[in-house]
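In the working numbering, the protein residues as written are 3 to 329. From the three backbone atoms N, C-alpha and C, an ideal C-beta is built for every residue, glycine too. In this text, all values refer to a predicted model and were calculated from it rather than measured experimentally. To start, the structure itself, in structure tokens.
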């Protein structure tokens, strides 16, 4: 971990609190405080959105649901064979989340942390699911803890729970920690905090897929901070011929930012709702920092129409609309 990262981990709590309060004052409204305790949620609900809507377990296509339930059963059997095994706990939590039960996944990671408090993977995965359930401050706390635990350790490839078309993992433990930490800051409107985390993420983004995913959020944070020159530098390594396995939406958005693709064409090129949530937020934000507010609002609302409420683009669209409602 670099000296910058070490300083980041030591000071971010106060920094994010200060930045968030300034952001709230500037927008004359704070984001909702996040999901309420589980006991106060209706049966089947997983979270309350940043716009105040109750979010229920996502509906999956029958074949997808069958596959994920089968894998969850296998993970549960492995866990029951040895409830203290860190790998078994992690995969039970991950498979539970893939089945759409984020609250139960968080409880599983709670158990993992109780048994393995020095294993950064549990804080990384629980932090991710705190983001899914809109508990952003708790996500930051977990991901900062994970960042402190990886200090001085070698990076490691993180196995994919939902393999891509080539069955080649594209992310690592460290890149995922910094990536999700940057996202949590970004969602809170703390673009300086997001910038610091994404710079650390970029340092461990050693393949084209992670390069475009990290560069996308890094670029957007810089543009929201008005640092156009630095943002342009982020685009320099992005080429149309990059060998992208799974992050095609981020790649194509970056090509829009470079002026090599037309933004309006991207909507029609993506067939799945998850891709549309990603593309949609990128386009909305592009309109936003270029001063085209009506177009930005329309694109943000279109993202919410996808129904992919666990997608990062969807959560970001919620956050923007919540802030815009108070501006």
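Which of helix, strand or coil does DSSP assign to residue 1? Given a span of 3 to 329 for the chain in the structure shown, any question on residue 1 remains unanswerable.
Give me whichever residues DSSP pairs with residue 159 in a beta bridge. By one-based count along the chain shown, residue 159 stands at place 157. Beta-bridge pairing links residue 159 to 174.
Kindly confirm or deny that the stretch 285–296 and the stretch 318–327 touch, where touching means at least three C-beta pairs closer than 8 Å. yes
Looking at residue 220: is its Cβ nearer than 8 Å to the Cβ of residue 204? As a first step, residue 220 must be located in the chain shown, where it is residue number 218. As a first step, residue 204 must be located in the chain shown, where it is residue number 202. Taking 8 Å as the Cβ cut-off, residue 220 and residue 204 qualify as a contacting pair.
Compute the Euclidean distance between the alpha carbons of residue 167 and residue 248, then round it to the nearest angstrom. Within the chain shown, residue 167 is the residue found at index 165, counting from 1. Within the chain shown, residue 248 is the residue found at index 246, counting from 1. Roughly 8 Å between the two C-alpha positions.
Applying the 10 Å Cβ sphere with the 16-neighbour rule, what's the burial state of residue 324? Indexing the chain shown from 1 puts residue 324 at position 322. Flag for residue 324 reads buried.
Given residue 1, which residues of its chain have a CB within under 7 Å of its CB, disregarding the five upstream and five downstream residues? Not covered by the structure: residue 1. The range shown for the chain is 3 to 329.
In chain order, what residues of the same chain lie with their CB nearer than 7 Å to the CB of residue 88, ignoring the 5 residues before and after it? The residue given as residue 88 occupies position 86 in the chain shown. Hits under 7 Å: 114, 118, 121.
What beta strand (DSSP E) runs, 3 residues minimum, are completely inside the stretch 200–228? none
What distance in whole Å lies between the Cβ atoms of residue 157 and residue 175, which are believed to be in contact at a cut-off of 8 Å? Reading the chain shown from its first residue, position 173 is the one you call residue 175. Reading the chain shown from its first residue, position 155 is the one you call residue 157. Indeed they touch by this definition, with Cβ atoms about 6 Å apart.
How many angstroms separate the CA atom of residue 73 from the CA atom of residue 96? Your numbering for residue 73 matches position 71 in the chain shown. Your numbering for residue 96 matches position 94 in the chain shown. Approximately 10 Å between the Cα atoms of the pair.
If the criterion is Cβ atoms closer than 8 Å, does the pair residue 207 and residue 256 meet it? The residue you call residue 207 lines up with position 205 of the chain shown. The residue you call residue 256 lines up with position 254 of the chain shown. Not in contact: residue 207 and residue 256 (Cβ atoms no closer than 8 Å).
Mind checking which residues open and close the beta strand (DSSP E) that includes residue 57? Position 55 of the chain shown holds residue 57. Residues 56–58.
Are residue 86 and residue 98 touching if we call contact CB-CB under 8 Å? For the purposes of this step, residue 86 is taken as residue 84 along the chain shown, with counting starting at 1. For the purposes of this step, residue 98 is taken as residue 96 along the chain shown, with counting starting at 1. No; because the gap between Cβ atoms is not below 8 Å, this pair is not in contact.
In the DSSP assignment, find the unbroken alpha helix (DSSP H) run with residue 137 in it and report its ends. To locate residue 137, count along the chain shown from 1; it is residue 135. Premise fails: residue 137 is in no alpha helix (DSSP H) and is neither H nor E.
Check whether residue 181 and residue 143 have beta carbons under 8 Å apart: By one-based count along the chain shown, residue 181 stands at place 179. By one-based count along the chain shown, residue 143 stands at place 141. In this structure, residue 143 does not lie closer than 8 Å to residue 181 by Cβ.
Rounded to whole angstroms, how far is the Cβ of residue 304 from the Cβ of residue 277, which I believe are closer than 8 Å? Here residue 304 corresponds to residue number 302 of the chain shown, with the count starting at 1. Here residue 277 corresponds to residue number 275 of the chain shown, with the count starting at 1. Between residue 277 and residue 304 the Cβ distance is about 13 Å, and since that is not below 8 Å, they are no contact.
For a quick check, are the C-beta atoms of residue 104 and residue 134 less than 8 Å apart? Looking up residue 104 in the chain shown gives position 102. Looking up residue 134 in the chain shown gives position 132. Closer than 8 Å, so yes.
Closer than 7 Å: is that where the CB of residue 317 sits relative to any heavy atom of the ligand NAP? Although the ligand NAP was asked about, the structure shown includes no ligands whatsoever.
May I have the straight-line CA-CA distance separating residue 169 from residue 229, to the nearest angstrom? Here residue 169 corresponds to residue number 167 of the chain shown, with the count starting at 1. Here residue 229 corresponds to residue number 227 of the chain shown, with the count starting at 1. About 37 Å.
What does the Cβ neighbour count give for residue 211, buried or exposed, with the cut at 16 atoms within 10 Å? Counted from its first residue, the chain shown places residue 211 at position 209. With 16 or more Cβ atoms within 10 Å of its Cβ, residue 211 is classed as buried.
Quick one: measure Cβ to Cβ for residue 312 and residue 280, integer angstroms, because I've assumed they're closer than 8 Å. Within the chain shown, residue 312 is the residue found at index 310, counting from 1. Within the chain shown, residue 280 is the residue found at index 278, counting from 1. That belief does not hold up - the Cβ atoms of residue 312 and residue 280 are roughly 12 Å apart, past 8 Å.
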